[in-house]
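Residue numbers (this note's numbering): 1 to 398.
Where a beta carbon is used, it is the ideal one built from N, C-alpha and C, also for glycine.
Reviewing the structure listed below.
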Ligand code: SAH
């Protein structure tokens, strides 16, 4: 299929494309022929007209084009998009993640060859995010492919991430297909029964990326008094309690999250061992420390502290601060599971920040495990930006 939108790159700016990186920044573009509408496909060529890629055009984003394919044929059409969705679904099926009653990420954007498209499955219900002009352009095709391949009871949209604004798109949410039950939908993942509220207008979403890590951390839980900082709906606590933890204290600034945690704790039969603190984590950790409390297992799973390169320094200070507090709250021999979901913070840097925290509070600490994102959040080798989640399980030896 020929395409009459042609984007020519500046001399030398094709290097990253030759390494198959899927983003082209605005500064690399020399000229745009027959202005494509947002999300439409353009042929990207070198200064001398040599074909490089077929990519979706996004006039308002710094990421001006996102590559669909490094091959000129067969071209980008509904069949192509359908094929990419089918491939993503098939890979999750091969991982054993499509079992009844389970949940997983079905599509993870660039790494699955679908820039800006995110799809999560909660049993028979799907939740999509369309976060780029490319994703928005093919939205109906994506939705109908998902309908055909999975016959879900509902497909909902939660396109609310800030990435959309950078693409010149407004936030949007709503039910796209089928109907959602009034009650939360139950699914089983990460070793526990979980709930998701799919109803419109209510807080929703689950952190599927931590499901395997919840089980890894729970392996250290037997007999432990657990502190779960940034608990959200309590996944780490409940997994730990199911692995014979003595108690769990959940801290979160969102009352809705803690209400959901309480419901999930009841569903899993562990509610009697949970305590809740609706509080700001750094303040609550300081209060606990100053009142002389100690814990055997602490989880620190904060929201993204670093969303841009400019926030790197202040974000790292934030990570260091909470890790210092957590280390001070650990019994000798205690275990800290500490995470960062900021893509801008590399695992090396994260380790350095945590090491700095241990030095400052004078604790001797070992790394006993390194954690990352699971197989349904793959990282395309030529797209390291997809790697965002990192965690360290540490033991305080003194
Ligand atoms: N550990 C959770 C996911 C954490 S997401 C899980 O396993 O599912 C981050 C959580 O941090 C959110 O629930 C958010 O409400 C909470 N949060 C963000 N800033 C906070 C703060 N300063 N103090 C307490 N909680 C905060």
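Annotation: residue 197 is outside any beta strand (DSSP E) and is labelled neither H nor E by DSSP. In the displayed model, residue 274 falls within a strand according to three-state DSSP. For residue 223, the CB contacts under 8 Å within the same chain, skipping 5 residues up- and downstream, are 244, 245, 246, 296 in chain order. Minimum Cα-Cα distance from residue 356 among the listed residues 325, 259, 381 corresponds to 325. If you draw a straight line from the Cα of residue 51 to the Cα of residue 45, it is about 5 Å long. In the three-state reduction of the DSSP assignment, residue 335 falls in the strand class.
Residue state for residue 225 is assigned as strand, using DSSP reduced to three classes. When distances are taken from the beta-carbon of residue 67 to the heavy atoms of the ligand SAH, even the shortest one reaches 7 Å or more. By a beta-carbon distance limit of 8 Å, residue 298 contacts residue 229. Their separation comes to about 7 Å.
Under the three-state reduction of DSSP, residue 252 is assigned to strand. Nearest Cα to residue 398 within the set 373, 180, 256, 362: 362. The residue from 197, 124, 257 with its alpha-carbon nearest to that of residue 101 is 124.
Distances from the CA of residue 256 to each of 236, 161, 197 were compared; the closest alpha carbon is that of 197. In the assembly as shown, residue 381 is an exposed residue. Its beta-carbon has fewer than 16 other beta-carbons within 10 Å. When the beta-carbon positions are compared, residue 133 and residue 167 come within less than 8 Å of each other. Distances taken from the Cβ of residue 303 to the heavy atoms of the ligand SAH include one shorter than 7 Å. Around the C-beta of residue 19, fewer than 16 other C-beta atoms lie within 10 Å, and the residue is accordingly described as exposed. Per the coordinates, the alpha-carbon of residue 391 lies some 15 Å from the alpha-carbon of residue 375. Take residue 293, set aside five residues on each side of it, and no residue of its chain has a beta-carbon closer than 6 Å to its own. By the beta-carbon neighbour count (other beta carbons within 10 angstroms, threshold 16), residue 159 is buried.
Comparing alpha carbon positions, the residue from 64, 25, 254, 163 closest to residue 37 is 64.
Counting C-beta pairs with one atom in each stretch, the region 53 to 63 and the region 23 to 32 have three or more that are closer than 8 Å, which means they touch. A check of alpha carbon separations from residue 310 across 342, 40, 338, 286 identifies 342 as the nearest. Beyond the five residues adjoining it in sequence on each side, residue 31 comes within less than 7 Å, by CB distance, of 8 in the same chain, given in chain order.
At a cut-off of 7 Å, the beta-carbon of residue 238 does not count as near the ligand SAH: no heavy atom of the ligand is closer than that. Of the residues 169, 176, 281, 185, the one whose Cα lies closest to the Cα of residue 263 is 185. Of the other Cβ atoms in all chains shown, fewer than 16 fall within 10 Å of the Cβ of residue 78; this residue is therefore exposed. Distance from the Cα of residue 235 is smallest, within the candidate group 253, 254, 268, 220, for 268.
In this structure, the beta-carbon distance from residue 143 to residue 193 does not fall below 8 Å.
Residue 156 and residue 289 have their C-alpha atoms roughly 43 Å apart. Counting along the chain, no beta strand (DSSP E) covers residue 61, and no H or E run does either.
Closest option to residue 88, judged by alpha-carbon separation, among 182, 282, 110: 110. Taken through DSSP and simplified to helix, strand or coil, residue 15 comes out as helix.
Around the Cβ of residue 366, a 10 Å sphere holds fewer than 16 other Cβ atoms; the residue is exposed.
Around the beta carbon of residue 211, 16 or more other beta carbons lie within 10 angstroms, which makes this residue buried.
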